[in-house]
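Q: Each residue of the sequence shown is one higher than the last, beginning at 3 in the numbering used here. This structure is in structure tokens; I'll ask about it shortly.
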Amino acid sequence: MFTFGDAPFLGAPVGAMQGDVVALLPVPGSYRLVTNFGAVLAPKDGGVRAASVSPAVIAAGVISGLNAYRVATGLQPLAVDAQLTGLAADWSRQMPAIGIQHRPLAAVLRQPAWFGYLRLGETIYAAPGFVTSGNVIAGWQGSPIHRETVLDPAFDSVGVGVNVSGGIVFVTADFAQRG
């Protein structure tokens with residue numbers, strides 16, 4: 003791990019089997035590495051290796067990264083919701099054909115299958131080439147509207163879908179407030 007923002011280089015953790023790095027969380031004067039095993043490591047803690055680019059690893063890392071970011075800002079972590087995961091996966095599969103756009107979530111909430119969900123929110127990400135969950139989380143952190151959705155304290159659930167098509171990685175995170 004090298005410098006990030008104004009955090010200094012403090013070593014590169016490798017080899018202690020704590021999982022793949024899936025997110026980078028900047029903190030004042032330093033950084034934390036989030037792994038797909040749920041570990042949050044400070045510099046020199048050891049134990050991580052470079053992340054894979056598989057959609058499942060990216061999705062798991064996005065969830066871990068979202069929760070690490072929320073916890074670092076004083077919010078509760080999000081529960082993974084299977085129905086939201088299906089919604090997000092479906093949208094990530096559709097975006098290569100329809101373009102990068104948000105799903106009409108108000109229409110989704112009117113469907114009977116979504117009874118018990120009070121609110122839905124969505125963040126999307128698309129980029130060519132090598133994408134990690136850390137890239138996704140950093141992109142959302144750097145965008146005020148995405149950051150607002152990710153850090154909405156009313157949301158208690160999340161589902162993430164990832165699709166790779168034509169060299170582009172499409173990521174959808176759907177958030178919900180359950181009743």
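Where is the CB? At the ideal position from N, CA and C, for every residue including glycine. Since we're looking at a predicted model, the values are computed, not measured.
Can you check DSSP and say which residues form a bridge with Gly123?
A: Residue mapping note: residue 123 aligns to position 121 of the sequence shown, counting from 1. Beta-bridge pairing links Gly123 to Phe177.
Q: Looking at the unbroken beta strand (DSSP E) that takes in Gly169, where does it start and where does it end?
A: Looking up residue 169 in the sequence shown gives position 167. Segment: none, Gly169 is in no beta strand (DSSP E) and carries neither H nor E.
Q: Quick one: what's got a C-beta closer than 8 angstroms to Gly181's C-beta in the same chain, skipping five residues either side?
A: Here residue 181 corresponds to residue number 179 of the sequence shown, with the count starting at 1. The answer, listed in chain order, is Gly118, Tyr119 and Leu120.
Q: Rounded to whole angstroms, how far is the Cβ of Thr174 from the Cβ of Gly163, which I believe are closer than 8 angstroms?
A: Looking up residue 174 in the sequence shown gives position 172. Looking up residue 163 in the sequence shown gives position 161. Right, the Cβ-Cβ distance comes to about 5 angstroms (below 8 angstroms), so this counts as a contact.
Q: With a threshold of 7 angstroms (Cβ to nearest heavy atom), would Ala99 be considered close to the ligand SAM?
A: As far as ligands go, the structure on display features none, and thus does not contain the ligand SAM.
Q: Count the other CB atoms, across all protein chains shown, that sit within 10 Å of the CB of Thr87; report buried if there are 16 or more and exposed otherwise.
A: Position 85 of the sequence shown, counting from 1, holds the residue named residue 87. It is buried - the Cβ of Thr87 has at least 16 other Cβ atoms within 10 Å.
Q: If you pair each beta-carbon of the segment 65-73 with each one of the segment 153-162, do three or more pairs fall below 8 angstroms?
A: Counting Cβ pairs under 8 angstroms, three or more are found: they touch.
Q: Just curious, the alpha helix (DSSP H) that Ile102 is in, first and last residue?
A: The residue given as residue 102 occupies position 100 in the sequence shown. Ile102 -> no alpha helix (DSSP H), and no H or E assigned at all.
Q: Identify, in the order they occur along the chain, each residue of the same chain with its Cβ nearer than 7 angstroms to the Cβ of Ala91, setting aside the five sequence neighbours on each side.
A: Here residue 91 refers to the residue found at position 89 when the sequence shown is read from its first residue. Excluding positions up to five away in sequence, the list reads Gly163.
Q: In angstroms, rounded to a whole number, what distance separates the CA positions of Leu77 and Ser56?
A: Locating residue 77 in the sequence shown gives position 75, where the first residue counts as 1. Locating residue 56 in the sequence shown gives position 54, where the first residue counts as 1. Spanning the two alpha carbons is a distance of roughly 29 angstroms.
Q: Using DSSP with H/G/I as helix, E/B as strand and the rest coil, what is Val152?
A: Against the sequence shown, residue 152 aligns to sequence position 150. Correct three-state label for Val152: helix.
Q: Classify Ala140: buried if its beta carbon has 16 or more other beta carbons within 10 angstroms, exposed otherwise.
A: To locate residue 140, count along the sequence shown from 1; it is residue 138. Ala140 should be labelled buried.
Q: With distances taken Cα to Cα, identify the nearest neighbour of Tyr71 among Leu122, Val166, Ser167 and Pro155.
A: As a first step, residue 71 is located in the sequence shown; it is residue number 69 there, counting from the start. The option with the nearest alpha carbon to Tyr71 is Pro155.
Q: State the Cα-Cα distance for the pair Ala81 and Val166, rounded to the nearest angstrom.
A: To locate residue 81, count along the sequence shown from 1; it is residue 79. To locate residue 166, count along the sequence shown from 1; it is residue 164. Answer to the nearest angstrom: the Cα atoms are 25 angstroms apart.
Q: Spatial neighbours of Gly123 within its chain, please: CB distance less than 8 angstroms, with the 5 preceding and 5 following residues excluded, ordered by chain position.
A: In the sequence shown, residue 123 corresponds to position 121, counting from 1. Contacts found: Leu107, Thr151, Asp154, Phe157, Asp176, Phe177 and Ala178.
Q: DSSP on Ser159, reduced to helix/strand/coil?
A: For this step, residue 159 is matched to residue 157 along the sequence shown. Ser159: strand per DSSP, three-state reduction.
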